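Just so we're aligned: 36 in UniProt numbering is position 36 of the sequence shown, and the numbers increase by one with no gaps anywhere.
Notes to accompany the following structure.
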Amino acid sequence: MSLVNHYDAIIIGGGASGLFCAGLAGQRGLRVLVLDSSNKVGKKILMSGGGRCNFTNLYVTPDNYLCQNPHFPKSALSSYNQWQFIELVERYQIPYHERKHGELFCDDSAKDILNMLLAECELGQVAIKTRCTINTVSHQSEQGFNLVTSLGSFSAKSLVVASGGLSIPTMGATGFGYELAQQFGHSLLPRTAGLVPFTFSDHIKGISERLSGLAVDVELSTANTSFRENVLFTHRGLSGPVVLQLSNYWQPGALITMNLLPDSDIAALLLNYKSQHAKSLLRNLLSQHLAKALVAELQTLFWPQYADTAMAEIPDAVLKTVAENLSAWQLKPSGTEGYRTAEVTLGGVNTDELSSKTMASKNQPGLFFIGEVVDVTGHLGGFNFQWAWASAYAAAQYL
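Structure, rendered in structure tokens:
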């Protein structure tokens, strides 16, 4: 193989983690090549955060991540934290703002973050090739890794897999990184769509369709996990931040529980209304707290026979049952929208077989896995980008 096609490191995947790792490694003086199957790098960055890129969060902790080994993300997250990335963003004079829960977004466009990563790559004289299909990857001790691709053959001492997960296949997502991991003896944890809307096949589907576009601040729970945020009714089911968060913890077939008035003792509220507003209708009183269209649906579900009954005439036991239903509305999703709309992929390369300090394979010297392909998944709110930056940084120091 000619030296022209030989590199110190080849990075598979031109997303957030791949580009960041490439720029850092290049600036350390390494000869770096990024290969991406898509027609342009950074597509997922550009669409993230509604085009504004929620690039990190002010309140990153290991508790914001799901991983079979919850200790694994700690080393990388502490060696490159959110403040270091914010400093880089500020160095490039990218205007940004904080939204709720410490989420940081670009003021203008996600392009600012992509352009920054590309500028970092340029500083490191990184070569980037797009529309590249990798046919075979092999390893020989003297040459390192050999890649036969649609753009020719390349070799490198180190190989970094930053190919992402299975989410949003229209952005070019494939299972290539997982296949490569298995080729080199790595085990995979089961992969499922994460940060994804719920779908329904029962009467809730009709309710969601009729309420499509309505957002409500609720507490949503499953098993031992609950989140407080907006739920969004859609034509297909339930979405919104609280649903995306909970989807990472939901198991198929399990119930979810919605508290429609999380700041209220609903039973006490209704009994108080009964004494203070004896002649009023329950739907009119609840419409002070919830959208009328939602209250109409709830009335059909929970108190149809008392729809036109004055509060004074509704038995206390009935009001208490209504309160229970409003504070713990039991819903059973039929599934999720799947990888088509999922923001992340849960599961992936087993972290027991990687160094938490360097992201290096314990099975194959010179092989690294970073970003979403690894079994580390963050909550909604910039945490997955911070994992991309942190894992990329960890690998880049040891290539």
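No residue lacks a Cβ here, since even glycine has one placed at the ideal position from N, Cα and C.
Only a predicted model underlies this, so the values are computations on that prediction, with no experimental measurement involved.
query	result
Grab the span of the beta strand (DSSP E) containing L286 for me, first residue to last.	L286 -> not in any beta strand (DSSP E); alpha helix (DSSP H) instead, spanning L282 to L286.
Starting from the C-beta of D375, find all residues in its chain whose C-beta is less than 7 Å away, skip the five residues before and the five after it, and write them out in chain order.	C67, Q68, L189, G347, G348, V349, N350 and T351
Counting pairs of beta carbons, one from the region 279-295 and one from the region 147-163, are three or more of them closer than 8 Å?	no
Closest to F72 by CA distance: which of L399, L380, A396 and I370 is it?	I370
Return the residue from the list N230, V218, L30 and T358 that minimises the CA-CA distance to C121.	L30
Helix, strand or coil, according to DSSP, for G15 in the structure here?	coil
Which whole-angstrom value is the C-beta distance of G51 and A110, which I expect to be below 8 Å?	6 Å
So, with DSSP's three-state summary, where would you put K157?	strand
Threshold first: 3 residues or longer. Then list the beta strand (DSSP E) segments lying entirely within the region 167-243, N to C.	188-194, 215-222, 225-233 and 237-239
Does DSSP classify Q276 as helix, strand or coil?	helix
Measuring CA to CA, which of C106, S212, K205 and W387 is closest to L46?	C106
Report all residues from its chain with a CB closer than 7 Å to the CB of S212; omit the five preceding and five following residues, and keep chain order.	F233, T234 and H235
Alpha carbon to alpha carbon, how far is L326 from D202?	19 Å
Based on Cα-Cα distance, which residue from N5, L58 and P62 lies nearest to H97?	L58
Which term fits L367, buried or exposed, when burial requires 16 or more other beta carbons within 10 angstroms of its beta carbon?	buried
Is it buried or exposed for R131, if we count other Cβ within 10 angstroms and need 16 for buried?	exposed
When you compare only the Cα positions, how much space is there between P252 and K332?	9 Å
Hey, G165 and V344 are a contact pair by Cβ (cut 8 Å); roughly how many whole angstroms apart?	6 Å
Can R283 and Q305 be called in contact, C-beta distance under 7 Å?	no
Mind checking which residues open and close the beta strand (DSSP E) that includes M258?	I256 to N259
When you compare only the Cα positions, how much space is there between M1 and L151?	Any answer about M1 is weak, because its pLDDT of 49 lies below 50 and its placement is not dependable; what the coordinates show is given next. Approximately 14 Å, taken between the alpha carbons.
Per DSSP, I113 forms a beta bridge with which residues?	Answer is none; I113 lacks a bridge partner.
How would you write the range of the alpha helix (DSSP H) that S163 sits in, first residue to last?	Counting along the chain, S163 falls outside any alpha helix (DSSP H), and DSSP gives it neither H nor E.
Can you say whether M359 is buried or exposed, counting buried as having 16 or more other CB atoms within 10 angstroms of its CB?	buried
Please classify L246: is it buried, with 16 or more other beta-carbons within 10 angstroms of its beta-carbon, or exposed?	buried
Could you check what DSSP says for L88 in three-state terms: helix, strand or coil?	helix
Do N64 and G378 count as a contact pair if the criterion is CB distance below 7 Å?	yes
Write down the C-beta distance between L220 and F227 rounded to the nearest angstrom, noting that I regard them as a contact closer than 8 Å.	6 Å
Do L117 and F20 have their C-beta atoms within less than 7 Å of each other?	yes
Please tell me whether V34 and G49 are closer than 7 Å, where the distance is taken between their beta carbons.	no
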